[in-house]
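One structure is given below, encoded as structure tokens.
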């Protein structure tokens, strides 16, 4: 970076602002910065007792320290922002830095060479002295600032920011707009706002989000994170919000994404008559009727309530959005108009003691109406029903940070994060009635299974930094969360019906006739559930030599899950997670580093497990002959022909549903990397990573194996196992299972006791997920004219278990997916996992055309997703009753990912930004175009290779086996690249 020196060239030569690291980097508070450096004289000799003073340019916060015996100085727990720096000592000239930008990630390092008074008295250096490389850090992370987002086109959501990092890919559309880190499922990430965990703790899918006007920086950690972070086997996204300053500022912005300027993904049109007959329409996927438009208006203000003491930042956001879509037979009209407010308060009690408050309410309601629809004629029919998707809630956090002494600091946080995931009918709940082969519905309802889901997290954490000696800094703390989930889910009207064998001609006339069988589908689950997660950690940052820094940490995790009755059914404690990182400043000048990292990371048992496994869930599907049909289309039952009891409504004892010897889900990670600055503005790097799942949590059916074990061991049958679906146990697949139960009820010879069933009887393999990658990166810092940030990633993700959630079938039942429900469901499961993207290229850049006009680009290319086939298990009767959930094609077991990949895809986003001033008011106009070339490759396909053909009597297992027949829709596209869209925006600042 170019610098301007004053006085004389001789004096200028006396100042060398080396960008190396001579002091250890501290694991800082998630929302705070850290400034460090070393003072030496012209000969390189350490200068001690130098008075170093920094001043925040916006708030006036001033702190002073003296360099220690090694010449090092440090400023921990700094509010992020711009600071001036001045270094003085009698007998030496003064060195001053006009601006040093301190962020939240790693350490900002500025090393000073003090000239003697014989050469000069005062020297001023202008410009930031921040290295592009933090040579003391072994973490893998990307820091995205508002300055970057002003230059590069990025959608305004957390997932899009996370996708900027190497090794991240977009998850399947079933889960919404979420990101996979390093081969993990999209449900294994953790999200923070100003240190408050805002992750969805039911299933890990996303977290609370705010308008980008509220955010200051985004820290995306893809691996190697320190012991203060836990509860993630994917990645960490840590964002900080804006704060006020002594100068009063205000502004407003408008963002408009008009539907009129957007494209639509292609429709999927059926061409084979068999497909059309089964679908009831040539239109399989209807994208041409999508109507997506959003308008955001933000008004914000910031300033000082008390100069140099009390600051505020407040924001109000009005968001109006439309997100209509259609199927071949139904049209969904969806609109929302939501008001969001957020605030940040900072009280500088003294320069060393700061109290902060962050709060927001991001509640939103998406009002939805569902209509009958005829796609061929584009005709909207009668209203089926109205429903509301409720999201968001109130959250707040209070944080104290204090420098208690020169060698000891403390940070304390208390926060509450509330969120709703409710989907409710707007009026009364009407029973849902369907018919096989008919795409409509025979009663008017919005949602067949409405659900009220309201969650609350209460978080406490305290962190200490103890600068123990010149070479060792200890960071330690406690991290505790209490999670409460309220659930009330049931079929609308208490039941849903599906008819089979109906007269096709009658169905064409939208009526029921000639139906032979009907499924009575009853589901209900309600209650309040609690989960507790707590951890303590300690970490030593050890300066082994001036050029080698080690970070050695240990985190202890405890997870407790409670059932509906408040009884603890998961108690996993003393889970030790070591973290070791080493970074080497190769040449000792801060321009090149080699680093290595090992870490173990645990994932909590999702609260979804409490709700589904530890409640009194009732889920029964009964099949009857149809005696007749009532005028309201409800059935009159004939004989019962079949019944599947998936959950019988009893609150089972905790010792019966959870393996007594249970390990939480964890993953080991190894990283090796190298990074160097090839010039003042350019840096290149290479990093290799390897991740391996050490243990996974799944609910598995043990009935068949348990019965076989009891016969061998005790000579008596397990009468409770007769259905094959009674004993679902939360365990680590492949291990022995220990439960306490009475296997034959009160009448048999077997006692109520603890039984350990060897894993060999159960037939499950161990869960396997492995990920390997190599990242290559090239970066050029913005020099006032242009910038470039590019990376290429080769990666491979393989095994038999994707993780917390399952992309194969869109199942977000965290920890309870169908993957290990029966042994047959794991046959053929080993292969390339859904988030495997063998090659990825990401390039971002910006160019300042003229003083007020900047253009930017965001390019992304990646390999396609593996394709599998799912059908009915040909031999496992219990697995076959799950439907098309086994890795089967043409009645044969076929390994995962055997059917190639979806096409490679790429997109290019462009932006143009124009800044101007109107009567001392800053005005900005901006145009963003996403997917400029409107590329429309499909990204997902229908992987269901078989559909139900009927039952066949067999003389083993359940006694009947479900058979499949070819599914006409197998392999058809189901999801595409996001089509071209345009975002227009304007902003004013006072």
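Residue numbers (this note's numbering): 7 to 996.
Here a beta-carbon is modelled for each residue, glycine too, at the ideal position from N, C-alpha and C.
Where does residue 845 land, buried or exposed, given buried means 16+ other C-beta within 10 angstroms? Sequence index remark: in the chain shown, residue 845 carries index 839 (1-based). Classification of residue 845: exposed, given that the 10 Å Cβ count is below 16.
Sort 477, 542, 148, 723 by Cα distance to residue 230 and report the nearest one. Here residue 230 is taken as the residue at index 224 of the chain shown, counted from 1. Out of 477, 542, 148, 723, 148 has the C-alpha closest to the C-alpha of residue 230.
Expressed to the nearest angstrom, what Euclidean distance is found between the alpha-carbon atoms of residue 977 and residue 533? Here residue 977 corresponds to residue number 971 of the chain shown, with the count starting at 1. Here residue 533 corresponds to residue number 527 of the chain shown, with the count starting at 1. Each residue's Cα considered, the two are about 40 angstroms apart.
Should the segment 426-440 be called in touch with the segment 233-248, which here means at least 3 C-beta pairs below 8 angstroms? no
How big is the Cα-Cα spacing for residue 563 and residue 668? Counting from one through the chain shown, the residue named residue 563 turns up at place 557. Counting from one through the chain shown, the residue named residue 668 turns up at place 662. Distance between the alpha carbons of residue 563 and residue 668: 14 angstroms.
Using only CA atoms, which one of 195, 151, 498 lies nearest to residue 809? Position 803 of the chain shown, counting from 1, holds the residue named residue 809. For residue 809, the nearest C-alpha among the options comes from 195.
Would you kindly report the start and end of the unbroken alpha helix (DSSP H) that includes residue 281? Working through the chain shown from its first residue, we reach residue 281 at position 275. Residues 279-285.
Whole angstroms is fine: what's the gap from residue 354's alpha carbon to residue 70's? Numbered from 1 along the chain shown, position 348 holds the residue referred to as residue 354. Numbered from 1 along the chain shown, position 64 holds the residue referred to as residue 70. Roughly 16 angstroms separates the two Cα atoms.
Shortest alpha-carbon distance to residue 831 belongs to which of 995, 602, 885, 394? Mapped onto the chain shown, residue 831 falls at position 825. Of the candidates 995, 602, 885, 394, the one whose C-alpha sits nearest the C-alpha of residue 831 is 885.
For residue 218, which three-state DSSP category applies? In the chain shown, the residue the question calls residue 218 occupies position 212. The answer is helix: DSSP assigns residue 218 an H, G or I state.
Output yes or no for whether 9 angstroms exceeds the beta carbon distance between residue 382 and residue 426. Residue mapping note: residue 382 aligns to position 376 of the chain shown, counting from 1. Residue mapping note: residue 426 aligns to position 420 of the chain shown, counting from 1. No, the pair does not count as a contact, with Cβ atoms beyond the cut-off.
Inter-residue Cα distance where the pair is residue 295 and residue 406: Position 289 of the chain shown, counting from 1, holds the residue named residue 295. Position 400 of the chain shown, counting from 1, holds the residue named residue 406. The straight-line gap from Cα to Cα measures roughly 51 angstroms.
If you measure between the beta carbons of residue 705 and residue 627, is that distance less than 9 angstroms? For this step, residue 705 is matched to residue 699 along the chain shown. For this step, residue 627 is matched to residue 621 along the chain shown. In this structure, residue 627 does not lie closer than 9 angstroms to residue 705 by Cβ.
Which two residues bound the contiguous beta strand (DSSP E) that contains residue 512? Numbered from its first residue, the chain shown carries residue 512 at position 506. Looking at the DSSP string, residue 512 is not in any beta strand (DSSP E); the run it does join, the alpha helix (DSSP H), is 510-514.
Whole runs of the alpha helix (DSSP H) within the segment 865-908, excluding any shorter than 4 residues: 883-886
Given residue 555, which residues of its chain have a CB within under 6 angstroms of its CB, disregarding the five upstream and five downstream residues? Within the chain shown, the letter at position 549 stands for residue 555. Contacts found: 30, 142, 549, 589.
Write down the C-beta distance between residue 471 and residue 82 rounded to the nearest angstrom, noting that I regard them as a contact closer than 8 angstroms. Within the chain shown, the letter at position 465 stands for residue 471. Within the chain shown, the letter at position 76 stands for residue 82. Between residue 82 and residue 471 the Cβ distance is about 6 angstroms, and since that is below 8 angstroms, they are a contact.
Give the straight-line distance between the Cα atoms of residue 793 and residue 856, rounded to the nearest whole angstrom. Sequence index remark: in the chain shown, residue 793 carries index 787 (1-based). Sequence index remark: in the chain shown, residue 856 carries index 850 (1-based). Cα-Cα distance, rounded: 15 angstroms.
Short Cβ contact (9 angstroms threshold) for residue 378 with residue 286: Counted from its first residue, the chain shown places residue 378 at position 372. Counted from its first residue, the chain shown places residue 286 at position 280. No, these two residues do not count as a Cβ contact at 9 angstroms.
Candidates 73, 104, 171, 47: which alpha carbon is nearest residue 62's? One-based indexing of the chain shown puts residue 62 at position 56. Nearest of 73, 104, 171, 47 to residue 62, Cα basis: 104.
Which of helix, strand or coil DSSP assigns to residue 157: Mapped onto the chain shown, residue 157 falls at position 151. Correct three-state label for residue 157: helix.
Going straight from the alpha carbon of residue 992 to that of residue 918, what length do you get? One-based indexing of the chain shown puts residue 992 at position 986. One-based indexing of the chain shown puts residue 918 at position 912. For residue 992 and residue 918, the distance between alpha carbons rounds to 12 angstroms.
Using three-state DSSP, classify residue 276 as helix, strand or coil. The residue labelled residue 276 in the question sits at position 270 within the chain shown. Correct three-state label for residue 276: coil.
Let me check one thing: in DSSP terms, what residues is residue 583 bridge-paired to? In the chain shown, residue 583 corresponds to position 577, counting from 1. Answer is 561.
Could you check how far apart the C-beta atoms of residue 762 and residue 781 are, in whole angstroms? I think they sit under 8 angstroms. Position 756 of the chain shown, counting from 1, holds the residue named residue 762. Position 775 of the chain shown, counting from 1, holds the residue named residue 781. With 8 angstroms as the limit, residue 762 and residue 781 do not qualify as a contact, their Cβ atoms being about 45 angstroms apart.
I'd like the list of long-range same chain contacts for residue 212, defined as Cβ closer than 6 angstroms, with 5 residues on each side in sequence excluded. Your numbering for residue 212 matches position 206 in the chain shown. The residues are 184, 206.
Where does residue 617 fall in DSSP's three states? Reading the chain shown from its first residue, position 611 is the one you call residue 617. In this structure, residue 617 counts as helix in the three-state DSSP scheme.
Please go through the same chain and pick out, in chain order, the residues whose beta-carbon is closer than 8 angstroms to the beta-carbon of residue 335, but skip the five residues on each side of it. Here the question's residue 335 lines up with position 329 in the chain shown. Taken in chain order, the residues that qualify are 286, 287, 378, 379, 380, 381, 445, 446.
Would you mind sorting residue 187 into buried or exposed? The rule is 16 or more other CB atoms within 10 Å of its CB. Numbered from its first residue, the chain shown carries residue 187 at position 181. Under this definition residue 187 is a buried residue.
By the DSSP assignment, the alpha helix (DSSP H) with residue 719 in it spans what residues? Position 713 of the chain shown, counted from the first residue, corresponds to residue 719. Residue 719 -> alpha helix (DSSP H) spans 709-720.
May I ask you to verify whether the segment 628-636 touches the segment 719-736, counting CB pairs closer than 8 angstroms and requiring at least 3? no
Rounded to whole angstroms, what's the CA-CA distance from residue 983 to residue 171? Just pull it up for me. Working through the chain shown from its first residue, we reach residue 983 at position 977. Working through the chain shown from its first residue, we reach residue 171 at position 165. When rounded, the distance between both Cα atoms is 19 angstroms.
For the segment 640-713, which segments carrying the alpha helix (DSSP H) assignment without a break, of at least 4 residues, lie completely within its bounds, in sequence order? 660-663
Can residue 327 and residue 342 be called in contact, C-beta distance under 9 angstroms? Taking the first residue of the chain shown as position 1, residue 327 is located at position 321. Taking the first residue of the chain shown as position 1, residue 342 is located at position 336. Yes, these two residues count as a Cβ contact at 9 angstroms.
Beta-bridge partners of residue 468, as assigned by DSSP: Mapped onto the chain shown, residue 468 falls at position 462. DSSP lists 418, 484 as partners of residue 468.
State the CB to CB distance for the pair residue 468 and residue 422, rounded to an integer number of angstroms; the pair is presumed to be in contact (CB under 8 angstroms). As a position in the chain shown, residue 468 is number 462, starting the count at 1. As a position in the chain shown, residue 422 is number 416, starting the count at 1. About 17 angstroms; that fails the 8 angstroms criterion.
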